[in-house]
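Residue numbers for the sequence shown follow the numbering used here, so the first one is -9 and each next one is one higher.
To keep things clear, I will list the structure first and then write my remarks on it.
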Amino acid sequence: MAQYVIGDLQGCFKEFKAILATLAFNPSQDTLYLVGDIVARGPDSLSCLRFIKDNASSVKTTLGNHDLHLISTFLLNKQPNPKDLLADIFTAPDRNELIEYLQARPLALFLPEFNSLVCHAGLSPEWTLAQALKAAKIAEQAYQGKDARYYLANMYQNGPTRWQDAKTEIEKFCYTINAFTRMRYFTSDFKMDLSSKGSPAQDSPLIPWFELPRASSLNDLTVIFGHWAALEGKTNSNQFQAIDTGCVWGQALTALNLETQQRTQQKSL
-9 MAQYVIGDLQ GCFKEFKAIL ATLAFNPSQD TLYLVGDIVA RGPDSLSCLR FIKDNASSVK
51 TTLGNHDLHL ISTFLLNKQP NPKDLLADIF TAPDRNELIE YLQARPLALF LPEFNSLVCH
111 AGLSPEWTLA QALKAAKIAE QAYQGKDARY YLANMYQNGP TRWQDAKTEI EKFCYTINAF
171 TRMRYFTSDF KMDLSSKGSP AQDSPLIPWF ELPRASSLND LTVIFGHWAA LEGKTNSNQF
231 QAIDTGCVWG QALTALNLET QQRTQQKSL
């Protein structure tokens, strides 16, 4: 039984099917973990959603910022942004079931067999693994529960920038969503900075989240994440595995074999 983690699909269904063929993926034996951003900006988000729902027993996904945006847009009765290419989801006969399925997905998946955390953007340097998983569970209950619309309507805030400053439920929710789905950089005093999206620069005062010091209990944990295509799959650390390699931007889709750590890529079609 092979187990793989695959980077941001963003509606690139042709490339997704092609890489599964290369891997000889067998849904009755193998398992896929997806880092989120299943939808948006690629040509066939609808097929991506249907595939993960139809293969739920063998395909596990976390949520990315684009997935949460889709859920929010749908539940709050807003119009999708044309550039996200999501209109066919909103008119699909199975749209309710697809959104409901997506909404039930988690922010993070911990794989004890590999001591690995799979998530979209990464692991906040302020958290231990236990803190991260607890925060994720509380946030999941918020966006899946009876008050989901309230939390989703107030999701887009750039603060608090530090976990220790998150006092209210909504502040903790926003920090957790930002950490798991939007985070890239911090300042040297551990303040999350969501303004910059480019590749790391030596002369920048901003520090990639994975380069900051963290709890010694995390020394043996591997974090596998997507979201940051500008990294081109490189962090210069085996502990932090970046696997968003910009398929939707004309680059490639990446799959990581959890047993062998071998990477397989499918160029954009």
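Just so it is clear, CB atoms sit at the ideal spot from N, CA and C, and this is done for glycine as well.
Residue of the options minimising C-alpha distance to residue i
| i | options | result |
| --- | --- | --- |
| Phe260 | Gln241, Ile214, Asp(-2), Thr244 | Past the edges of the chain, shown from -9 to 259, lies residue 260, and the structure says nothing about it. |
| Ser37 | Gly1, Asp57, Gln19 | Gly1 |
| Ile197 | Leu184, Leu208, Thr177, Asn209 | Thr177 |
| Lys257 | Thr250, Leu248, Trp239, Gln251 | Trp239 |
| Pro33 | Lys136, Phe41, Glu5, Leu75 | Leu75 |
| Leu243 | Leu10, Glu130, Gln(-7), Met(-9) | Leu10 |
| Glu103 | Gln154, Gln255, Ala(-8) | Ala(-8) |
| Thr171 | His56, Leu123, Tyr140 | His56 |
| Pro96 | Ile128, Ala220, Arg40 | Ile128 |
| Glu130 | Ala94, Lys157, Leu202 | Ala94 |
| Leu92 | His59, Phe3, Leu123 | His59 |
| Arg204 | His217, Asp179, Glu222 | Asp179 |
| Asn247 | Asp20, Phe3, Lys4 | Asp20 |
| Phe41 | Lys4, Cys237, Ala77 | Lys4 |
Neighbour-count burial assignment, residue i, 16 or more Cβ in a 10 Å radius
| i | result |
| --- | --- |
| Ala245 | buried |
| Lys187 | exposed |
| Thr12 | exposed |
| Ser114 | buried |
| Leu259 | exposed |
| Asp234 | buried |
| Ser227 | exposed |
| Gln251 | exposed |
| Asn105 | exposed |
| Ala219 | buried |
| Arg139 | exposed |
| Lys50 | buried |
| Ala98 | buried |
| Ala191 | exposed |
Presumed contact (8 Å Cβ cut-off) between residue i and residue j, rounded CB distance
| i | j | result |
| --- | --- | --- |
| Thr260 | Pro70 | Limits of the chain in this structure are -9 at one end and 259 at the other, which puts residue 260 out of reach. |
| Leu24 | Leu65 | About 22 Å; that fails the 8 Å criterion. |
| Ser47 | Leu22 | No, Ser47 and Leu22 are not in contact; Cβ-Cβ is about 11 Å, not under 8 Å. |
| Ile79 | Leu39 | 7 Å |
Residue i to residue j span [Cα, whole Å]
| i | j | result |
| --- | --- | --- |
| Thr212 | Leu101 | 10 Å |
| Leu184 | Asn45 | 34 Å |
| Glu116 | Met182 | 10 Å |
| Glu90 | Gln121 | 27 Å |
| Glu161 | Cys109 | 20 Å |
| Thr52 | Ser194 | 30 Å |
| Ser189 | Phe15 | 32 Å |
| Lys224 | Ser18 | 32 Å |
| Gln134 | Ala126 | 12 Å |
| Tyr249 | Glu87 | Rather than Tyr, the amino acid found at residue 249 in this sequence is Glu. Answer to the nearest angstrom: the Cα atoms are 33 Å apart. |
| Thr118 | Trp153 | 12 Å |
| Asp84 | Lys136 | 22 Å |
| Arg31 | Lys73 | 6 Å |
| Gln6 | Asp210 | It should be noted that the sequence gives Phe, not Gln, for residue 6. Taking the straight line joining both Cα atoms gives about 30 Å. |
| Ala111 | Ala8 | 25 Å |
| Asp27 | Pro150 | 23 Å |
| Ser35 | Val29 | 5 Å |
| Ala232 | Thr158 | 32 Å |
| Val(-5) | Asp155 | 33 Å |
| Arg253 | Gly(-3) | 11 Å |
| Arg174 | Phe200 | 9 Å |
| Gln255 | Lys43 | 23 Å |
| Gln241 | Glu222 | 9 Å |
Next on the checklist: Whether or not the region 139 to 147 and the region 161 to 172 are in contact is what I'm after, with contact meaning three or more pairs of Cβ atoms, one per stretch, closer than 8 Å; do they touch?
Outcome noted: yes
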